[in-house]
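In the working numbering, the protein residues as written are 8 to 128. Ideal placement from N, C-alpha and C gives every residue a C-beta, glycine not left out. Please read all numbers here as calculations on a predicted model, not as lab measurements. Notes follow once the structure below has been shown.
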């Protein structure tokens, strides 16, 4: 990864707390559709979006997992979650979808440094 080469989208909202997480995913899909390299960081409550066994949201809310599964078609392969967020949520890496990768605080700091744009949702 070259310095300032990626667009980092940080998702910190729980999957069904609001539409914020879904809006962040939509921005990622649009950027990727225009050839922008995108990395997604699921931090804080956003880590819950990566759990394999998700419950359905309230009536009318779309499930998040189908969107996550299609990200690879848009060349969005970096689905990162800080180990500190897993600890905050009481989660273990084995509970996450296969595409998720757990990163350390040092890796997260380096990610912020090498990102061209950082968007928070």
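Residue i burial status per 10 Å Cβ neighbour count (16 or more: buried)
i	result
residue 124	exposed
residue 88	buried
residue 41	exposed
residue 13	buried
residue 38	buried
residue 54	buried
C-alpha distance - residue i paired with residue j, whole-angstrom precision
i	j	result
residue 81	residue 28	18 Å
residue 74	residue 86	12 Å
residue 52	residue 113	20 Å
residue 126	residue 116	15 Å
residue 90	residue 110	6 Å
residue 25	residue 93	20 Å
residue 61	residue 121	32 Å
residue 10	residue 118	Confidence is the limiting factor: at residue 10 the pLDDT is only 47, short of 50, which leaves the residue's position unreliable, though a coordinate-based value still follows. The alpha-carbon atoms of residue 10 and residue 118 are separated by roughly 9 Å.
residue 30	residue 128	7 Å
Own chain partners of residue i with C-beta closer than 6 Å, once the 5 adjacent residues on each side are dropped
i	result
residue 98	none
residue 108	87
Cutoff 8 Å; reference residue i; Cβ partners in own chain excluding five residues on either side
i	result
residue 56	18, 21, 22, 28, 49, 71, 75
Proximal residues to residue i (C-beta, below 7 Å), its chain only, five neighbours per side dropped
i	result
residue 35	16, 45, 47, 83
residue 105	none
*Within the segment 19 to 96, ranges of the beta strand (DSSP E) (whole runs, at least 3 residues)*: 45 to 49, 85 to 89
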